[in-house]
Amino acid sequence: MAKAKNSSLNKAAKAKEDEFYTQIKDIEDELRHYRNHFKDKIVLCNCDDPRTSNFWRYFAINFDFLGLKKLIATHYDDKKPTYKLELSRDITGDGKVNEDDVVETRFSQNGDFRSPECIEILKEADIVVTNPPFSLFKEYLAQLLEYKKRFVIIGSQNNITYKEVFPLLRDNKVWLGYHSGDMSFMVPDYYEPRATRYWQDETGQKWRSMGNITWFTNLDIPKRHEDILLYKNYSADEYQFYDNYDAINVNKIADIPCDYTGVMGVPITFMNKYNPKQFEIVGLIAGNIKGLAGIPSKTGKDGPYINGKLKYGRVLIRKIPHED
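For the sequence shown, the numbering used here begins at 3 and goes up steadily by one.
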């Protein structure tokens, strides 16, 4: 009986599917936009196996190029104490800082980002860059903000609608990075096959593809200062009002009217293009989300309804008038 129970627990733990290993090309494609932020900074990768992590590899290879002060990565194991790796100076005397200069320090704990040992390391860091466990994203993000850390991290686009996360986006404490959409991750051998978005390569390595991935950051980047080009004009015939909110529905970001000054409901993918100097985020309306609309419901119902039918979730925005 005990054996069967343990087996069930193991399956439940695996079902969380938190072990997704990011490809080096995806890291390079995103982080090239943040180069100026890393000079003279201590970078921490605290959700990685540094022996195999492509985040560690990226920063170790580019240590001198980026002008890092120090690189730290911690390793997690749910069953035993682990270690951290540090890279900070030319130990070998070959004139450069690289993998030959790595210092390993053993932990007395298991490397969980919430452990006292890892929290002390977090306090030392300037910028955190990693792919945190998807099931712990809210807790992980909250810890970064509690300790006032700068970061570039990977998460699901679904996190945008979480009541713990959306207000941070609305209030410009967190925003999205450059790349959103489909990303493919290496996964461990024990992951069960799926009918879609799953394959094995010629080496036997298992892969999972996810179409709703995005980068979250609080580092200022040029992208968030680029205006969305608007060309359509408002027409009452084309833009319907919601049954329960004093806001018009906009089905596509490209269809945002340039001359409408009221509240508009736009697809959640708008967050990928959001410029806080062009638009104000008023709130969020979706069928299962309460208290984030920012404007009162006229019927008491949550979510965007048109002619009695519930539509996909919408971000409520208002255009900021420009001074001539």
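For glycine and all other residues, C-beta sits at the position ideal for the given N, C-alpha and C. These numbers were taken from a predicted model, which means no experiment stands behind them.
Coarse secondary structure for residue i, derived from DSSP in three states
i	result
Leu46	strand
Asn56	helix
Tyr200	strand
Glu88	strand
Ile156	strand
Asn38	helix
Asp79	coil
Arg320	strand
Lys27	helix
Thr94	coil
Lys125	helix
Ile287	strand
Glu282	strand
Leu147	helix
Ile74	strand
C-alpha distance - residue i paired with residue j, whole-angstrom precision
i	j	result
Phe243	Cys260	17 Å
Pro306	Lys234	22 Å
Gly289	Leu312	7 Å
Ile93	Ile74	16 Å
Phe153	Gln202	32 Å
Ala144	Asp239	44 Å
Arg59	Glu119	23 Å
Trp177	Met273	8 Å
Asp245	Ile308	5 Å
Leu329	Gln207	A question about residue 329 goes unanswered here, because the residues of the chain that appear run from 3 up to 326.
Gly157	His181	11 Å
Thr76	Phe115	8 Å
Ile129	Gly310	47 Å
Ile255	Arg320	13 Å
Thr107	Ala127	16 Å
Asn160	Asp96	47 Å
Asp248	Thr301	11 Å
Glu194	Ser137	18 Å
Pro323	Gln280	8 Å
Asp257	Leu232	8 Å
For residue i: DSSP bridge partner residues
i	result
Ile250	Phe243 and Met266
Ser110	Beta-bridge pairing links Ser110 to no other residue.
Leu312	Tyr307
Lys140	None, per the DSSP bridge assignment.
Pro259	Lys234
Arg210	Phe187 and Tyr200
Phe335	This structure gives no information on residue 335, because the portion of the chain shown stretches from 3 to 326.
Contact belief for residue i with residue j at Cβ below 8 Å, rounded distance in angstroms
i	j	result
Val105	Glu88	5 Å
Gly267	Val252	6 Å
Asn56	Thr24	6 Å
Glu21	Val189	6 Å
Ser117	Pro83	About 10 Å; that fails the 8 Å criterion.
Ala62	Asn100	7 Å
Thr132	Asn214	Incorrect: roughly 19 Å between the Cβ atoms, too far for contact.
Ile44	Lys71	5 Å
Val317	Ile250	About 13 Å; that fails the 8 Å criterion.
Asp50	Lys98	Incorrect: roughly 23 Å between the Cβ atoms, too far for contact.
Arg199	Ser211	4 Å
Gly2	Trp217	It is not possible to answer for residue 2, since the shown part of the chain is limited to 3 through 326.
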